[in-house]
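Asker: Protein chains in written order, with the working numbering: chain A, 11 to 384; chain B, 148 to 559.
A virtual CB, placed ideally from N, CA and C, is assigned to each residue, including glycine.
Dumping the structure here so I can ask a few things about it.
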Amino acid sequence: MNQDAFGLIFTGEPNPYMRDLTLSRAVAAVPFGGRYRCIDYILSDFVNSGVRNVGLITQKNYHSLMDHLGMGKEWDLNRKRDGLFILPPYSTKDNTGVYRGDIDAFHSVMQYVRRSNQKYLILSGSHTVFNTTFDAILNQHRATGDITIMYNEDPRFFPEEQNRDLRLLLDQDGMTVTELEWNPRRPRSNYRSCEIIIIDKTLFEDLVDESYSRGGIDFTRDVLLSCVKELKVMGWRYDGYVARIDSVNTYFMHSMELLNAAEAKDLNNRTHPIYTKVKDEIPSVYGAQADVHNVVMADGCRIDGTVENSILFRGVTVERGAMVRNSILMQGVKVSAGAKLDHAILDKNVTVSSGRSLIGYEGIPLVFRKNLTV
Amino acid sequence: MKKRIVAMLLAGGQGSRLGVLTSNMAKPAVPFGGKYRIIDFPLSNCVNSDIDTVGVLTQYRPLALNAYLGTGQHWDLDRNNGGVFVLPPYMTEKDGRWYSGTANAIWQNRTFVDQYDPDYVLILSGDHIYKMDYTEMLRFHIAHNAAATIAVLRVPMEEAHRFGIMNTDESGTIVSFEEKPKAPKSNNASMGIYIFNWKTLRAYMERDDADQTSENDFGKNIIPEMLSAGEKMVAYPFEGYWKDVGTIKSLWEANMDLLGDPPLLDLDDPSWRIYTRNPVMPPHYVGTNATVKNTLVSEGSVLYGTALHSVLFCGTHIDLDATVEDSIVFPSARIGKNTRVRKAIIGENAVIGDNVRIGEAPRAGETVDNELTGDIALIGNDITIPDGTVIPRGAVVTGKTLGQFIDGGANA
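Put into structure tokens, the structure is as follows:
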């Protein structure tokens, strides 16, 4: 199954709209969905598709990502043949070790690409979250084009926070890409790239080498946009749930969507599960005063207060008399007795002291950075 | 390569007192505490005590246990040298036989132990829930220069007749041993945890194996034999939570012990984690109309109804207007709409329909065979209970007995 494809994930892209959530971590390492990190979804998509060779390009702030991934054991990617390759930047005489864009990064990991003996490359970003397998898109790619872009229909548009927004205009056949839009202010298409691009490995090598020699920086801007005319670029439509984590607001919005049964069911599809690092937490403990409604909660939580419409990661404590509404509490957060939260995102290990009120509003969630005591 | 100590875990038999819960698995693989299996406790104790070589002895359905343990990676027991091994009985050119007793199981696997040339061997039992640092016990064993050390727990005097009782002198040396005495002289109950000097044990097992009349059992044969031969044997006093979960009643109680505030057994102990094979499941979800109090909930569960004072394992589903109280719901079991479950154990993958009543008072004239269960209703693994069924307290529901509860009760 798909033994002829390998994956390459670029986790370098910085994103100012993520604010404090990416203060000390890559977007790929941002916790999402109650017990996962963004990277878990794409890695699991690869593994569940039978892709056994995955390279992961890291750039800045990759410590937390390395810590999370380890040897790739939880994804069954600690293999003798192929497996997970973490590709951090390194400096050589013609490479400063700092990537200006993904072309630099692809150029510096070309050794890994050449050594991989699969025919097709699945290029991926790390902030688009979905749960599927690549069986169908690979089948279409094998039969049709030079380049295949996975997209979904997404009418939502946030111009003030637009970041790496790639849109596809399609021919009447519904597959052939006639034009690509890159961060358009007035988009003509609701077909948005899911950051998945399938390309023949040798074509990828040539395109990157060519662009690098001409001073290209960004693969989408400097390669993809210009090759629509010369190459056969196809679109592949995905109709499942897609979450684009490209700002604090979309992070909040998509997190809350997981409280809806349909979205949660699609993203947590039991036939292809999402793998993540195991923490050996105990089951969550509900106390006598626990009052919990419409909440997604991971293991290891201790709840004795009120929690509504919220996402709780592993090991969160909500003490008696505390009130948590419409909030996201990451691993190890402690909400002390009598504290009140609404529309707040509390990063890992934030402690809220007794009686404090942290109240944000719809569309303006408060963000509290890692390890803060309020 | 030489090891100082090797652990041998007697995962033993079918656990017939646990009835239908062990119909397709050995007793140590029975779920416990929301996400664990019983065997996770002795295994985690070993790892946390820096014992990295564990033989698991079983002769009942080794496949289920083998599949569960895998390479041992979940307990950090996938070691280059050592690790965890399932040891079922096997044939040789000369002979081959089932394990005739606890000591015989070790004797038949002496070559397994010999390859590590250990100074000591730790014998454990697979159906006890407790947290114990075996390093402390080994230190005690060495300090007393003993041939054997037996961990003991002080039990209430009125219960002492149910245990193997160690009578000791002031220094802790065992002077006599009585298996389930009618008139116990002390309340030092054996916990079924032994440390032996391997060479000494090996010699006694060899002699015991040659004795045709022996039952090849540690409690009945090896320990009395060593005592009468004058070997130095000491009792290691253990303080803390310990429970034999070999019966339905004790299994239910031990799970309920986790729900106290504070719990009698605290699993949330970063210095002494209990490791398990974690299921790959999403976080649990609690619905808008749900009520959950005094309950343990594990990943993958979806709760729309009410759960009070219960232990819910991974992947359970409690539908709208259903109530589960004082109960244990094993992995991936489903409780239908408007169903009420009281003081029950619901087996793995069981599907309880809508408007079912479980754990009700028996109707007039209804009798229930509750020898194994007391007042705890027990629904077997993989059973489907049709809508509207009423199951009285203490009843055991299996594929065979289900019929008598449908179509109007026990005498139908």
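In whole angstroms, what is the alpha-carbon distance linking Met81 of chain A and Pro98 of chain A?
Answerer: Going by the C-alpha atoms only, they are around 14 Å apart.
Asker: Alpha carbon to alpha carbon, how far is Gly111 of chain A from Gly180 of chain B? Give it in angstroms, no decimals.
Answerer: Roughly 50 Å between the two C-alpha positions.
Asker: How is the alpha helix (DSSP H) around Thr394 of chain B delimited, first residue to last?
Answerer: That residue, Thr394 of chain B, is in no alpha helix (DSSP H); it is neither H nor E in DSSP.
Asker: Run the CB neighbour count on Pro235 of chain B, radius 10 Å, all protein chains shown included, and call it buried at 16 or more, exposed below.
Answerer: Buried, by the Cβ-count rule.
Asker: State yes or no: is the C-beta of Val498 of chain B within less than 8 Å of the C-beta of Tyr296 of chain A?
Answerer: No; because the gap between Cβ atoms is not below 8 Å, this pair is not in contact.
Asker: What residues in its chain sit with their C-beta under 8 Å from that of Gln131 of chain A, if we drop five residues either side in the sequence?
Answerer: It should be pointed out that residue 131 of chain A corresponds to Leu in this sequence rather than to Gln. Once the five neighbours on either side are set aside, the close Cβ partners of Leu131 of chain A are Ala15, Phe16, Gly17, Leu18, Val123, Ile208, Ile209, Asp210, Lys211, Phe214.
Asker: Quick check on the DSSP output: the alpha helix (DSSP H) that includes Trp345 of chain B runs from which residue to which?
Answerer: Taken as a continuous stretch (DSSP letters only), the alpha helix (DSSP H) holding Trp345 of chain B covers 345–357.
Asker: Relative to the C-alpha of Arg504 of chain B, which candidate in B:Ala542, B:Asp187, B:Asn517, B:Ile340 has its C-alpha closest?
Answerer: Comparing Cα-Cα distances from Arg504 of chain B to each of B:Ala542, B:Asp187, B:Asn517, B:Ile340, the minimum goes to B:Ala542.
Asker: Reducing DSSP to helix, strand and coil, say where Asp210 of chain A ends up.
Answerer: Correct three-state label for Asp210 of chain A: strand.
Asker: Beta strand (DSSP E) containing Lys275 of chain A: first to last residue?
Answerer: Note, Lys275 of chain A: premise wrong, no beta strand (DSSP E); alpha helix (DSSP H) at 271–277.
Asker: Considering only C-alpha positions, which residue in the set B:Arg420, B:Gly506, B:Glu513 is nearest to Asp522 of chain B?
Answerer: Checking every option, the nearest Cα to that of Asp522 of chain B belongs to B:Gly506.
Asker: Go ahead and pull the three-state DSSP assignment for Asp30 of chain A.
Answerer: Helix at Asp30 of chain A.
Asker: For the segment 434–462 of chain B, which residues have a CB atom closer than 7 Å to at least one CB atom of chain A, in sequence order?
Answerer: Under the 7 Å Cβ criterion, the segment 434–462 of chain B contributes Gly434, Thr435, Ala437, Val439, Lys440, Asn441, Thr442, Leu443, Val444, Ser445, Glu446.
Asker: Label Glu23 of chain A either buried or exposed according to how many other C-beta atoms from any shown protein chain fall within 10 Å of its C-beta, with 16 as the threshold for buried.
Answerer: Per the 10 Å Cβ criterion, buried.
Asker: Report the neighbours of Met307 of chain A on chain B: residues whose CB is nearer than 8 Å to its CB, in chain order.
Answerer: What Met307 of chain A touches in chain B: Pro430, His431, Tyr432, Val433, Val444.
Asker: Specify, as a first and last residue, the run of the beta strand (DSSP E) that Tyr432 of chain B falls within.
Answerer: Segment 431–433, the beta strand (DSSP E) holding Tyr432 of chain B.
Asker: What residues of chain A sit near Lys182 of chain B, judged by a beta carbon separation below 8 Å?
Answerer: Here the neighbours are Ile292, Pro293, Asp309.
Asker: Report the rounded CA-to-CA distance for Val377 of chain A versus Gly325 of chain A, giving the unit in angstroms.
Answerer: Each residue's alpha carbon lies about 19 Å from the other.
Asker: Assuming Ala158 of chain B is part of the alpha helix (DSSP H), what are its boundary residues?
Answerer: Where Ala158 of chain B is concerned, there is no enclosing alpha helix (DSSP H), although the beta strand (DSSP E) it sits in stretches over 152–159.
Asker: Work out the CA separation of Ile538 of chain B and Ala480 of chain B for me, nearest whole Å.
Answerer: Ala480 of chain B and Ile538 of chain B: Cα-Cα distance of roughly 17 Å.
Asker: Under a CB-based cut-off of 8 Å, is Tyr285 of chain A close to chain B?
Answerer: For Tyr285 of chain A, the answer is yes, since a Cβ of chain B falls inside 8 Å of its Cβ.
Asker: By a C-beta neighbour count over all protein chains shown, 10 Å radius and 16 as the cutoff for buried, is Arg184 of chain B buried or exposed?
Answerer: Arg184 of chain B comes out buried.
Asker: At 3 residues or longer, and completely inside the segment 436–512 of chain B: list those beta strand (DSSP E) runs for me, N to C.
Answerer: Here the runs fully enclosed are 438–440, 442–444, 453–455, 470–472, 487–489, 491–493, 504–507.
Asker: Distance check for Ala300 of chain A and His431 of chain B, CA to CA, integer angstroms please.
Answerer: Roughly 15 Å between the two C-alpha positions.
Asker: Taking DSSP as the reference, what is the three-state secondary structure of Asp404 of chain B?
Answerer: It is helical.
Asker: Shortest alpha-carbon distance to Val201 of chain B belongs to which of B:Ala176, B:Ser333, B:Arg208, B:Asn228?
Answerer: For Val201 of chain B, the nearest C-alpha among the options comes from B:Asn228.
Asker: Using a Cβ-Cβ cut-off of 8 Å, state whether Asp261 of chain B counts as contacting chain A.
Answerer: No - not a single Cβ of chain A is within 8 Å of the one on Asp261 of chain B.
Asker: Checking contacts by CB at 8 Å: is Ala298 of chain A closer than that to chain B?
Answerer: Interface residue, yes.
Asker: Whose C-alpha, out of B:Leu269, B:Ala214, B:Asn425, is nearest the C-alpha of Asn192 of chain B?
Answerer: Asn192 of chain B has its Cα closest to that of B:Leu269, out of B:Leu269, B:Ala214, B:Asn425.
Asker: Using CA coordinates, which residue listed in A:Ala115, A:Met120, A:Gln150 is at the minimum distance from Gly135 of chain A?
Answerer: Comparing Cα-Cα distances from Gly135 of chain A to each of A:Ala115, A:Met120, A:Gln150, the minimum goes to A:Ala115.
Asker: Between the Cα of Asp466 of chain B and those of B:Asn314, B:Thr453, B:Gly393, B:Pro209, spot the shortest distance and give me the residue it belongs to.
Answerer: Asp466 of chain B has its Cα closest to that of B:Thr453, out of B:Asn314, B:Thr453, B:Gly393, B:Pro209.
Asker: Taking beta-carbon pairs under 8 Å, can you tell me which members of the segment 410–428 of chain B lie near chain A?
Answerer: Listed by position along the chain: Leu414, Asp415, Arg420, Ile421, Tyr422, Thr423, Asn425, Val427, Met428.
Asker: Compute the Euclidean distance between the alpha carbons of Leu168 of chain B and Met279 of chain B, then round it to the nearest angstrom.
Answerer: Cα to Cα, Leu168 of chain B sits roughly 26 Å from Met279 of chain B.
Asker: In chain order, what residues of the same chain lie with their CB nearer than 7 Å to the CB of Leu405 of chain B, ignoring the 5 residues before and after it?
Answerer: Gly180, Leu412, Leu414, Leu443, Val458.
Asker: Could you work out which residues of chain D lie near Gly365 of chain A, taking near to mean beta carbons separated by less than 9 Å?
Answerer: Annotation note: the requested chain D is absent from the structure, which comprises protein chains A and B.
Asker: Which full runs of the beta strand (DSSP E) of 3+ residues lie inside the segment 115–147 of chain A, going along the chain?
Answerer: You should have 130–134.
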